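Worksheet for the structure shown next.
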Amino acid sequence: MSPREMTRRTFIAGGAAAATAALAGRAAMAAASERPAAAASNAAPAAAKAAARAGTRPNLVFIMTDQQRFDAMGVHGNSVIKTPNLDRLAQSGADLREYFVNASTCIPSRAALFTGRYPHAAHYRFDSRTDINLFRILKNAGYRIGYVGKNHLLANTEFANFDHSDVWGVNHTSSGKDEDAVNAFARARGAIMQEKGCFAGAAFHDFPPELTKPYLEASSAIRFIESSTKDQPFCLCLSIEDPHAPHIAPRKYERVYPPEKLTLYPTRKNEFDAKPRRYKIKWQAQGSDKATEADKRRFMAVYYSMISWVDEQIGRVLDALRARGLEEDTIVVFTSDHGEFCFEHHMCKKDLVMMDSLLHVSLLISWPGHIKPSVIGGTLAEECDVMPTLLELMGIAAPNGVQGTSLVPLLEGRTKEHKTEVFAGECRPGMRNPYPDYESFRADWDKHHLQPGHLLSYTASFNVPGDFTKSVRTRDMKYIWYITGEEELYDLRTDPHEYANLANDPAHATAKCDMRRRLLDWTCASENTLDARAEAALQAQYPCWTGIPAGAGQQGH
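Residue numbers (the numbering used here): 220 to 776.
Have a look at this one:
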């Protein structure tokens, strides 16, 4: 019996507790890594091939927000929120309605997005010295590279090799031209969050809109676009931090979204009783257990307002492309790195759990004259598919080791089927939540970090330790496994909001066994798809950038 077969049989027959070593142990995974990862097609579409031969590859504008739910767009069925520019973009290209990210938090999600590899295979957070990424590939292909906004991705040294960088780090401060203005704004909104906590800090502000991060980020992106020339293609990543916490929006939207007129997301009483302990601990750590209906409505009003303000800035960038006659020469992508609870499942913000509230986000891909406007559903797509898709559209071969599968056949209408299952996880080695309940977490936090009884800040509530966890989702079912032995199973046909955890229901034992098998097969196949020699060859093909050119970009985190 092979090591892999032993692992599968142990996992399926023995239950989650017996399978802990099977899923968490790297040795068992490496034994099965001979299975090739899903490879991206290198046969570029006709338009991109012709463009590549003519030396006129398309430009790329990649717009990413942070923490924006799939349904926080008008075109996605939300009749309240105002997102005219995103709606226009969706209607100009492909709108993938069943697209899921590979992690529920920023850094691992972005690693998957720009490496085409699952987060655990991309070293969780990739380092430009060892991992190949979209920006390096395009730079080597002759592209001008611009990066604006939140980083949470690249090593600091990477930006020295970009042609334009205006980067904010994890501390919500800038080191760019508008440093004083944006830092004053960042400090003010950060203080509100620290003083009032996770949801109570949601507020409208009176800062001049042109001094807010989204406005300054869009302005920087526009400067890069306006500096472009016809003889060299460019890649611009505009990474807008909003609507990530701290939640604060321009006051002009206060009348647009009256809290009392908003409809809250549905919840279920006592939902946490059948869920892993983490849910209830996080709910209490946020203080969300004390949130009133008025608190929740105000939070939603500010969240929607932040998105509408971001939408305005995206409109400015799209208008800049149009003004320079670049629309037909430019692929425009919009997505978000993960979603937001917005008090669905009783919580706000995000967490290290695998709910669709956090994993299901928008993916829009527009290229007028090349990608036909379409709404694509009925099949699944995942985050690691994006990089090989863009490379194929640009006529550039995807490097060895990419685990995603190009979406181009789907975009071109040559198929209606892409994937039957998608995966996600928070998979840092050693992750484990040691607290059995909120009281034990709070006592430990008070002892080491706060005065007894002090308000838990945004940072404190987010830092409730997580658990090593992985998930698999089909169109009908979702299964989530935790290193603690806890499990979740949802029948999405009858329970699309994922309220009722069926993991311990004997009537669903067969379904759970099948989903466990799918998760283990994926874990074995994806853990180690590049050996040392293959990694060395890749690094030789895409060498580390050296030297610090004049006017180098600022560092990020």
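C-beta atoms are modelled at their ideal positions from N, C-alpha and C, and glycine is treated no differently.
Note that the coordinates shown come from a computational prediction; the quantities given were computed from them, not determined experimentally.
- Excluding residues up to 5 positions away in sequence, H371, L372 and D556 lie with their Cβ nearer than 7 Å to the Cβ of R329 in the same chain.
- The beta strand (DSSP E) runs lying completely inside the segment 674–719 and spanning 3 residues or more are 688–692, 696–701 and 706–710, given in chain order.
- P327 counts as buried, since at least 16 other C-beta atoms from the protein chains shown sit within 10 angstroms of its C-beta.
- By the neighbour-count criterion, in which 16 or more other beta carbons inside 10 Å mark a residue as buried, T729 falls on the exposed side.
- Across the structure, D710 and E445 are spaced so that their CA atoms are roughly 50 Å apart.
- F491 is positioned such that its CB atom lies closer than 8 Å to that of Y498.
- CA-CA distance, M613 to I590, rounds to 13 Å.
- Per DSSP, reduced to three states, the secondary structure at N352 is coil, with no helix or strand assignment.
- Separation of F381 and H565 (C-alpha to C-alpha, rounded to the nearest whole angstrom) is 42 Å.
- Counting other Cβ atoms within 10 Å of its Cβ, S298 stays below 16 and is therefore classed as exposed.
- Comparing C-alpha distances from P653 to each of Y701, Q287, N619 and R692 shows the shortest one belongs to Y701.
- Per the coordinates, the alpha-carbon of F553 lies some 15 Å from the alpha-carbon of L630.
- Taking every protein chain shown into account, the CB of Q451 has fewer than 16 other CB atoms within 10 angstroms, so this residue is exposed.
- DSSP places G534 inside the alpha helix (DSSP H), whose first and last residues are E512 to A542.
- Per DSSP, the unbroken alpha helix (DSSP H) holding W502 starts and ends at R496 to Q505.
- When secondary structure is reduced to three states using DSSP, G368 falls in the strand class.
- If you keep only unbroken beta strand (DSSP E) runs of at least 3 residues inside the segment 569–657, you get 582–585, 593–595 and 641–645.
- CA-to-CA, the gap between M696 and K501 works out to about 25 Å.
- According to the DSSP secondary-structure assignment, I467 is paired through a beta bridge with A422.
- Under the three-state reduction of DSSP, Q310 is assigned to helix.
- Boundaries of the alpha helix (DSSP H) around T729: A728 to S745.
- Taking 8 Å as the upper bound for CB-CB distance, V580 and G596 are not in contact here, some 15 Å apart.
- A contact is defined here as three or more CB-CB pairs under 8 Å, and the segment 448–467 meets this definition with respect to the segment 278–286.
- Contact between F518 and A421 holds: their C-beta atoms lie close to 4 Å from each other, under 8 Å.
- For I459, there is no enclosing alpha helix (DSSP H), since its DSSP letter is neither H nor E.
- The C-alpha of E746 lies about 50 Å from the C-alpha of R474.
- The C-beta distance from I300 to A291 rounds to 6 Å, short enough to fall under 8 Å.
- For T549, the enclosing beta strand (DSSP E) has its first and last residue at T549 to S555.
- The Cβ neighbour count for T324, taken over all protein chains shown within 10 Å, is at least 16; the residue is labelled buried.
- Of the other Cβ atoms in all chains shown, 16 or more fall within 10 Å of the Cβ of T608; this residue is therefore buried.
- Per DSSP, the continuous alpha helix (DSSP H) segment holding T334 begins and ends at C325 to T334.
- Residue burial is scored here from C-beta neighbours: P427 has fewer than 16 other C-beta atoms within 10 angstroms and is therefore classed as exposed.
- Contact between the segment 568–580 and the segment 683–695 is established, with three or more Cβ pairs separated by less than 8 Å.
- By the neighbour-count criterion, in which a residue is buried when 16 or more other Cβ atoms sit within 10 angstroms of its Cβ, G620 is buried.
- A direct Cα-Cα distance of roughly 21 Å separates A600 from D714.
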